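One structure is given below, encoded as structure tokens.
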Amino acid sequence: LPFLDKALSSEHHLGNGSQWELDLCLHVQNKGKLIFNPELKVNHYSNHSHFNRYLNQRNNAHNIVYVLMKHFSWDRKLAYLCYIILIGNQQNIGLLKFLSLIPRLGAKDSYHLFLNSCIGAFFGLKTYRKTYRKNPMRV
2 LPFLDKALSS
12 EHHLGNGSQW
22 ELDLCLHVQN
32 KGKLIFNPEL
42 KVNHYSNHSH
52 FNRYLNQRNN
62 AHNIVYVLMK
72 HFSWDRKLAY
82 LCYIILIGNQ
92 QNIGLLKFLS
102 LIPRLGAKDS
112 YHLFLNSCIG
122 AFFGLKTYRK
132 TYRKNPMRV
């Protein structure tokens, strides 16, 4: 699929390239039909000897924000940004998610995950703006 070569350029995905699968599915869905097979099995081979929890949080937050900003309409972008700031999830720790992590992880660890998530989301938005300011056409 030639349209995917440029659209899925990995130069914008940080770290281990998390969220490239979502990027791929959203591109294919926009170009045609995406078929889901629940019987599909995937073997993930990953070396976690270099795993840095905070850097991983930052990279994942960056990648998911970048990918979703690429594909969402302006109203969905706004709704998603409000969601990740106020509520959050594992990739983007928002205020409520941060508060819910404190009893389990402690204030310091929760704060560092929250901070790295915010930094990653900010740079994901920055990457999106830089990429699409040069080429404002949606991919």
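Letter by letter, the sequence shown follows residues 2 to 140 in my numbering.
Heads up, the beta-carbon is just placed ideally off N, CA and C, and yes, glycines get one too.
Values in this document were obtained by computation on a predicted structure and should not be read as measured data.
**Item:** Presumed contact (8 Å Cβ cut-off) between G121 and Q58, rounded CB distance
**Value:** Start at 1 with the first residue of the sequence shown, and residue 121 comes out as number 120. Start at 1 with the first residue of the sequence shown, and residue 58 comes out as number 57. That pair is a contact at about 7 Å.
TODO: Take E22 as the anchor and find which of E40, N61, R54 has the nearest alpha-carbon.
DONE: Against the sequence shown, residue 22 aligns to sequence position 21. Of the listed residues, the one whose Cα sits closest to E22 is N61.
- So, L87 versus L102, is the Cβ gap smaller than 8 Å? Translated into the one-based positions of the sequence shown, residue 87 becomes position 86. Translated into the one-based positions of the sequence shown, residue 102 becomes position 101. Not in contact: L87 and L102 (Cβ atoms no closer than 8 Å).
(message) Just to confirm, is the Cβ distance from G107 to K98 under 8 Å?
(response) Your numbering for residue 107 matches position 106 in the sequence shown. Your numbering for residue 98 matches position 97 in the sequence shown. No, the pair does not count as a contact, with Cβ atoms beyond the cut-off.
How would you label G125, buried or exposed, when you count the other beta carbons within 10 angstroms and need 16 or more for buried? Counting from 1 along the sequence shown, the entry for residue 125 is found at position 124. Answer is buried; the Cβ neighbour count reaches 16.
Kindly indicate which three-state DSSP category I36 falls into: helix, strand or coil? Within the sequence shown, numbered from 1, the residue matching residue 36 stands at position 35. Of the three classes helix, strand and coil, the one that applies to I36 here is coil, per DSSP.
Measure the CB-CB distance between T128 and H63 and report whether it falls below 8 Å. Here residue 128 refers to the residue found at position 127 of the sequence shown. Here residue 63 refers to the residue found at position 62 of the sequence shown. In contact: T128 and H63 (Cβ atoms closer than 8 Å).
First and last residue of the alpha helix (DSSP H) that includes V66?
Start at 1 with the first residue of the sequence shown, and residue 66 comes out as number 65. Where V66 is concerned, the enclosing alpha helix (DSSP H) stretches over 54-72.
Discussion item. What does the Cβ neighbour count give for S111, buried or exposed, with the cut at 16 atoms within 10 Å?
Written reply: One-based indexing of the sequence shown puts residue 111 at position 110. Flag for S111 reads buried.
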